[in-house]
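A.B. asks: Heads up: the sequence shown is residues -7 to 371, going by my numbering.
Ideal Cβ positions, reconstructed from N, Cα and C, are used throughout, including at glycine.
Computed from a predicted model, the values in this text were never measured in an experiment.
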Amino acid sequence: MRVTAGGAGAGRRRLRSVVRRAAPLLLAVAVGLAALPVAASAAEPVSRRDRERAETAYKRASDFFEDGKFIEALREFQNVALLDPGRVEAYFAQGLCLLRLDERDQAVERFERTLALAPDHAPAHYNLAVALEQRGDTTAARRHLQRALVCDPRLPGAHFALARLAEQGGDRAGAIAELRRELALRPDDGRVHAQLGYLYAAAGQDDSARVHLDYALRRDPRLARAYLDRGRVEERAARWAAAESLYALGCAADSTDFDLCFARAGARFRLERYADAADDYARAAALDARSAAAPFSRGVALERAGDPNGARDAYLEAVARDSAYADAWLNLGLLYGRAGAREEAIRYLERYLQLAPDSERAAQVRAILTDLKKRPRPR
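#1: Can you give me the C-alpha to C-alpha distance between Gln346 and Gly258, rounded to a whole angstrom?
#2: Can you list the alpha helix (DSSP H) stretches of 4 or more residues lying completely in the segment 259 to 293, in chain order?
#3: Going by beta-carbon coordinates alone, are Arg334 and Arg304 separated by less than 8 Å?
#4: Ordered along the chain, which non-local residues of its own chain (more than five positions away) have a Cβ less than 6 Å from that of Tyr219?
#5: Can you check the segment 101 to 153 for any beta strand (DSSP E) of at least 3 residues that lies completely inside it and give the ranges in chain order?
#6: Return the chain-ordered list of same chain residues with a C-beta closer than 7 Å to the C-beta of Arg105, the five sequence neighbours on each side being excluded.
#7: Is the distance from the Cβ of Gly166 to the Cβ of Ala158 below 8 Å?
#8: List the whole-angstrom C-beta distance separating Val225 from Arg202, where the pair is believed to meet the contact cut-off of C-beta under 8 Å.
#9: Flag this pair as yes or no: are the beta carbons of Tyr328 and Ala297 separated by less than 8 Å?
#10: Assuming Thr362 is part of the alpha helix (DSSP H), what are its boundary residues?
#11: Among Thr131, Leu91, Asp97, His136, which residue has its Cα nearest to the Cα of Pro111?
#12: Give the C-beta separation of Arg256 and Glu236 to the nearest angstrom, bearing in mind that I take them to be a contact with Cβ-Cβ under 8 Å.
#13: Label Ser39 either buried or exposed according to how many other C-beta atoms from any shown protein chain fall within 10 Å of its C-beta, with 16 as the threshold for buried.
#14: Just the Cα atoms here: how many angstroms apart are Val57 and Asp94?
#15: Where does the unbroken alpha helix (DSSP H) through Ser237 begin, and where does it stop?
#16: With C-beta atoms as the reference, is Ala216 less than 8 Å away from Gly182?
#17: Where does the unbroken alpha helix (DSSP H) through Tyr317 begin, and where does it stop?
#18: For Gly223 and Ala230, I'd like the C-alpha separation in whole angstroms.
#19: Leaving out the 5 sequence neighbours to the left and right, which residues in its chain are closer than 8 Å to Leu173 when beta-carbon positions are compared?
#20: Using CA atoms only, rank isn't needed, just tell me which of Leu364, Ile168, Gln187, Asn71 is closest to Ala49.
#21: Short of 7 Å in beta carbon distance, which residues of its chain neighbour Ala348, apart from the five on each side in sequence? Order them along the chain.
#22: Quick one: Cα of Leu154 to Cα of Leu205, how far?
#23: Would you mind working out which of Glu81, Cys89, Ala245 sits nearest Ala114, comparing C-alpha positions?
#24: Would you decide whether Glu352 is buried or exposed? Buried here means 16 or more other CB atoms lie within 10 Å of its CB.
#25: Determine the closest residue to Phe254 out of Leu191, Leu263, Asp271, Ala310, with distance taken between C-alpha atoms.
#26: At a Cβ threshold of 8 Å, is Thr106 touching chain C?
#27: Candidates Leu75, Ala108, Gly78, Ile63: which alpha carbon is nearest Gln86's?
#28: Near Thr362, which residues of its chain fall below 7 Å by C-beta distance, leaving aside the five closest residues on each side in sequence?
#29: Nearest-angstrom Cα distance between Arg156 and Tyr344?
#30: Specify, as a first and last residue, the run of the alpha helix (DSSP H) that Glu95 falls within.
#31: Can you tell me the Cα-Cα spacing of Arg339 and Tyr190, whole angstroms?
#32: Determine the extent of the alpha helix (DSSP H) in which Asp206 is found, giving its start and end residues.
#33: Thinking C-beta only, is Ala269 closer than 8 Å to Phe288?
#34: Taking the alpha helix (DSSP H) that Val378 falls in, what are its first and last residues?
#35: Between which two residues does the alpha helix (DSSP H) harbouring Leu188 extend?
#36: Measuring only the C-alpha atoms, how far is Leu322 from Leu252?
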C-alpha cells in the first residue's frame, strides 16, 4: 500500500491612509490619496463653489471606501472628477474602487488617465501593474512596476511584486534578489520574510528558509502558509514530529487550508498515528470535494489502523471522485483479494492495469491476477 503525502486597527482611517492589497501580486501598498497634488488641466477653471462641492464629495467617497462600499465610493469619486476635472486623486481613487470590484479593464483606463495627468505618479504605475497582471499582461505589469520605482525608489511593495512576476516566469534567483531589495525597505514585514523563506525552501536552501520563515511567524503567527513551508523543511530532514507540530499550528491559524490539513495528516501517518491521520484526511476531503488523493490516503491510513471496511469505502470514494485514480483501484483489488473476494479483486486489478499498464507494480499485479484466476470460483 502507498500513502500520498502532503506535497505539496487601530480605529477607522481616512482614505488618504488606506492600504491597497493586490491579491494576485500578494502584497500591500500604502496609497496616499489625499496627499496627492492636483495636476494641471486643460479644463476651464473650477469655481470656488464647485471645488468646495468636490471636497465634500471626496470626503463622502472616502468614508464609503473605508466601509467597503466600493460602488457608492466610485460614484462619489466620479462626481469629484466632474466638479474638479484636474484632481488627479479622483481618477486614481476610481481605479482603486474598480480593482476592488474586479472591473480590471475600467481600472486600467482610470490609472492610465491618472498617468496622463501626472506621469510620475508612482502609486498609479504600481496599481496599473496590479490591474495588468490580473489581466495576464505580465510584461506591461513589469514595465509599470519598474517605472514606479524610478518615480519612487522607496515605494513599498513594488520589489515584492517584481519578485512575484519573476517567480511566475521561472526566475527564482531573480525573485529572491527582488525580495531582498524589498526587505531593505521593509525589514520587519513578516510577509516578505515568509515569501523569501518559501523561495529559499524551494531552492533547497533550508537553513536560510528556516531563518526567514521563523522570523515571519514570530512577527505574525497568523501566516498559515508559512507554517506549511516551514513544516516541509522539517519533513526533508525527516523530523516528522516537528513537522506535525508546525502543521497543527498552521491548521489552528487557518482551519480551511486543504494543504495544511493534508500535510498534517501525512506527518501523523509517518508517526504511525494512523487513526489521527485518517481523521485529518477526512477533513481534507471535506475541504476539497475534487481531491481524490485525500480519500485514497484516508483509506491507506484506515488499513493501517485495522479498519478494512472503512478503507474500502474510502477507496471507493476516491474512484468516485476520479475514475482514473489508478492506485485506488490497485488498493481495492488487493483489499478484496485478501478478503477472498475473487471476482471483485480481479475486476479492480484489471482496471488498475488498464490505467497503468507500464507501472512499476504492473508485473506484480499481473502475477497476482494469474494466481487469482487459477483459483476455483467459490460456490
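C.D. replies: With the given structure in hand:
#1: Along the sequence shown, read from residue 1 onward, the residue named residue 346 stands at position 354. Along the sequence shown, read from residue 1 onward, the residue named residue 258 stands at position 266. Cα to Cα, the separation comes out at about 28 Å.
#2: 266 to 279
#3: Taking the sequence shown and counting its residues from 1, the one referred to as residue 334 is at position 342. Taking the sequence shown and counting its residues from 1, the one referred to as residue 304 is at position 312. No.
#4: Translated into positions along the sequence shown, residue 219 becomes position 227. Within the same chain, Tyr219 has close Cβ partners Leu238, Leu241, Gly242.
#5: none
#6: The residue labelled residue 105 in the question sits at position 113 within the sequence shown. These residues qualify, in order along the chain: Tyr83.
#7: Position 174 of the sequence shown, counting from 1, holds the residue named residue 166. Position 166 of the sequence shown, counting from 1, holds the residue named residue 158. Result yes, Cβ atoms of Gly166 and Ala158 sit closer than 8 Å.
#8: Within the sequence shown, residue 225 is the residue found at index 233, counting from 1. Within the sequence shown, residue 202 is the residue found at index 210, counting from 1. Their Cβ separation, rounded to whole angstroms, is 6 Å, which keeps Val225 and Arg202 in contact under 8 Å.
#9: Counting from 1 along the sequence shown, the entry for residue 328 is found at position 336. Counting from 1 along the sequence shown, the entry for residue 297 is found at position 305. Their beta carbons are not under 8 Å apart, which means Tyr328 does not touch Ala297 by this criterion.
#10: Mapped onto the sequence shown, residue 362 falls at position 370. Its alpha helix (DSSP H) spans residues 354 to 366.
#11: Here residue 111 refers to the residue found at position 119 when the sequence shown is read from its first residue. Among Thr131, Leu91, Asp97, His136, the Cα nearest to that of Pro111 belongs to His136.
#12: As a position in the sequence shown, residue 256 is number 264, starting the count at 1. As a position in the sequence shown, residue 236 is number 244, starting the count at 1. Yes, they are in contact, since the Cβ atoms of Arg256 and Glu236 sit about 6 Å apart, within 8 Å.
#13: The residue labelled residue 39 in the question sits at position 47 within the sequence shown. Answer is exposed; the Cβ neighbour count stays below 16.
#14: For the purposes of this step, residue 57 is taken as residue 65 along the sequence shown, with counting starting at 1. For the purposes of this step, residue 94 is taken as residue 102 along the sequence shown, with counting starting at 1. Strictly speaking, residue 57 in this sequence is Phe, with Val absent from that position. So the two alpha carbons sit approximately 15 Å from each other.
#15: The sequence position of residue 237 within the sequence shown is 245, counting from 1. That run of the alpha helix (DSSP H) goes 232 to 245.
#16: Walking along the sequence shown from the start, residue 216 turns up at place 224. Walking along the sequence shown from the start, residue 182 turns up at place 190. Cβ distance not < 8 Å, so Ala216 and Gly182 don't count as in contact.
#17: Position 325 of the sequence shown, counted from the start, is the residue given in the question as residue 317. Run containing Tyr317: none; DSSP gives neither H nor E here.
#18: The residue given as residue 223 occupies position 231 in the sequence shown. The residue given as residue 230 occupies position 238 in the sequence shown. In a straight line, the C-alpha of Gly223 is about 10 Å away from that of Ala230.
#19: Counting from one through the sequence shown, the residue named residue 173 turns up at place 181. According to the sequence displayed, residue 173 carries Arg and not Leu. Excluding sequence neighbours, Arg173 sits near His151.
#20: As a working note, residue 49 is residue 57 in the sequence shown. Measuring from the Cα of Ala49, the nearest candidate turns out to be Asn71.
#21: Taking the first residue of the sequence shown as position 1, residue 348 is located at position 356. Answer for Ala348: Ala318, Ala354, listed in chain order.
#22: Counting from 1 along the sequence shown, the entry for residue 154 is found at position 162. Counting from 1 along the sequence shown, the entry for residue 205 is found at position 213. Approximately 20 Å between the Cα atoms of the pair.
#23: Translated into positions along the sequence shown, residue 114 becomes position 122. When each option's Cα is compared against that of Ala114, the closest is Glu81.
#24: Within the sequence shown, the letter at position 360 stands for residue 352. Exposed: under 16 other Cβ atoms inside 10 Å.
#25: Along the sequence shown, one-based indexing puts residue 254 at 262. Ranking Leu191, Leu263, Asp271, Ala310 by Cα distance to Phe254 puts Asp271 first.
#26: This model lacks chain C altogether, as it is built from one protein chain only.
#27: For the purposes of this step, residue 86 is taken as the residue at position 94 of the sequence shown. Looking at the Cα atoms, Ile63 is the closest of the given residues.
#28: The sequence position of residue 362 within the sequence shown is 370, counting from 1. The answer is none, since no qualifying residue turns up.
#29: For the purposes of this step, residue 156 is taken as the residue at position 164 of the sequence shown. For the purposes of this step, residue 344 is taken as the residue at position 352 of the sequence shown. So the alpha carbons of these two residues sit roughly 40 Å apart.
#30: Translated into the one-based positions of the sequence shown, residue 95 becomes position 103. Premise fails: Glu95 is in no alpha helix (DSSP H) and is neither H nor E.
#31: Indexing the sequence shown from 1 puts residue 339 at position 347. Indexing the sequence shown from 1 puts residue 190 at position 198. Answer to the nearest angstrom: the Cα atoms are 44 Å apart.
#32: Counted from its first residue, the sequence shown places residue 206 at position 214. Here the alpha helix (DSSP H) through Asp206 covers 198 to 211.
#33: Taking the first residue of the sequence shown as position 1, residue 288 is located at position 296. Taking the first residue of the sequence shown as position 1, residue 269 is located at position 277. No, the pair does not count as a contact, with Cβ atoms beyond the cut-off.
#34: Lying outside -7 to 371, the shown extent of the chain, residue 378 is not represented and no answer is given.
#35: Here the question's residue 188 lines up with position 196 in the sequence shown. First-last of the alpha helix (DSSP H) with Leu188: 182 to 194.
#36: Counted from its first residue, the sequence shown places residue 322 at position 330. Counted from its first residue, the sequence shown places residue 252 at position 260. Roughly 27 Å between the two C-alpha positions.
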